[in-house]
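Below is one structure; the comments refer to it alone.
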Amino acid sequence: MNSLGIYGGTGVPARARDRRARWPAVKSAKSSIAEKSAQEFLRSLRERNTSPHTIKAYSGDLRNFCAYVGSRNWNAIDHLTIRGFLSQLYERGLSKTSVARSLAAVRSLYRWLAQEGVVDQNPAALVATPKLAKKLPRVPTIEEMNLVLDGKMPEAVSFPERDLLILELLYGCGIRNSELIGINLDDIRLSSEAILIRGKGKKERYVPFGGSVRAALLDYLPLRSQKLVSGKKKTNALLINQRGGRLTTRSVGRIIKKIAVAKGLSPDVHPHTLRHAFG
């Protein structure tokens, strides 16, 4: 590299190096069987336009695996060997997430080896994935829900009366998103303040509702009728979109997220977290 940061006579600046993940140069004169296979596997990933981030991660994980198995051939590597490799990673202080990713890399390598006819079995499939701690959803507090329900709907909301009813039903009745969108107009019993809900396994139950849901229903239903008449649509669905069709679970999720962000709540709030907040 000369004083201008140019490599040889190629005219390529030093900072313009190829950033793609590469298998590091092996110091020894001869690569092991595992190293050669890993190099070919990574090459196949590049040819299939696999994400550079995935290739980089797999490259590091397989480098560690190849160093652990050393000169052993594939027939000499079994599930106990792979468990030993994972144990070594734990001893080095790696997290369960990192160990699980390393196991995923080894499994992918073995699947490729099987496709290439190098191995007949995948011992990595016999090794259990480390159990990762589940991240519990943050449930909105009563104060936060009151702020959302008692205040005005955000200006970005296109159908505020419907969206308020969605919030009231999810939070006030503790129903699932899939149950919410399945409510039909004739499932509403205003006189007894109850809704017929169809749950998992087609099981039906009546869920009571309070004054807030009743008020939201009375505000929404006339507007629902107007929208269907103007759009010349017919549907028995309680909750409809702007075109007069039944809402989907995905649509409800987007509505909840938009309102949550506009009201200053966590963007991770979704229909199921409102159900957790019920009661």
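Anchor point for the sequence shown: position 74 equals 87 in the numbering used here, and the numbering is continuous, going up by one each time. For glycine and all other residues, C-beta sits at the position ideal for the given N, C-alpha and C.
By the C-beta criterion, the stretch 109-121 is judged to be in contact with the stretch 72-84, since at least 3 inter-stretch pairs fall below 8 angstroms. Membership of residue 82 in the alpha helix (DSSP H) is indicated by the continuous run 65-82.
Closest in C-alpha terms to residue 163, from the list 201, 170, 225, comes 225. The closest CA to that of residue 83, considering only 59, 188, 49, 262, is found on 49. Look at the beta carbons and you see the stretch 267-284 not touching the stretch 217-237: under three pairs across the two are nearer than 8 angstroms. Residue 140: not part of any alpha helix (DSSP H); DSSP gives it neither H nor E. Contact between residue 217 and residue 210 holds, since their C-beta atoms are separated by about 7 angstroms, short of 8 angstroms.
Relative to the Cα of residue 261, the nearest Cα in the group 179, 245, 65 belongs to 179. In this model, residue 248 and residue 160 are separated by some 33 angstroms (Cα to Cα).
Within the same chain, Cβ atoms closer than 7 angstroms to the Cβ of residue 173 are found at 166, the five residues on either side in sequence being excluded. Leaving aside the five residues that flank residue 131 on each side, the residues in its chain whose CB is nearer than 8 angstroms to its CB run, in chain order, 50, 87.
Residue environment for residue 242: exposed (fewer than 16 other C-beta atoms within 10 angstroms of its C-beta).
CA-CA distance, residue 214 to residue 267, rounds to 26 angstroms. If the five residues before and after residue 244 are omitted, its C-beta is found closer than 6 angstroms to the C-beta atoms of 257, all from its own chain and listed in chain order. Looking at the DSSP output, residue 197 bridges to 250. Residue state for residue 119 is assigned as helix, using DSSP reduced to three classes. Apart from sequence neighbours up to five positions away, the residues of its chain that approach residue 259 with a beta-carbon distance below 8 angstroms are 194, 248, 250, 252, 253, ordered along the chain. By alpha-carbon distance to residue 203, the top candidate from 191, 219, 190 is 219.
Look at residue 287 here: in three-state DSSP terms it is helix.
In chain order, 95, 119, 120, 123 place their CB closer than 6 angstroms to the CB of residue 137, counting only its own chain and leaving out the 5 sequence neighbours on each side. Beta-bridge pairing by DSSP links residue 207 to 202, 221. Looking at the DSSP output, residue 259 shares a beta bridge with 253. In the DSSP assignment, residue 158 falls within the alpha helix (DSSP H) that extends over 155-163.
The residue from 153, 181, 115, 229 with its alpha-carbon nearest to that of residue 280 is 153. Annotation for residue 176: 166, 170, 268, 272 place their beta carbon closer than 7 angstroms to its own, counting only its chain and skipping 5 residues before and after.
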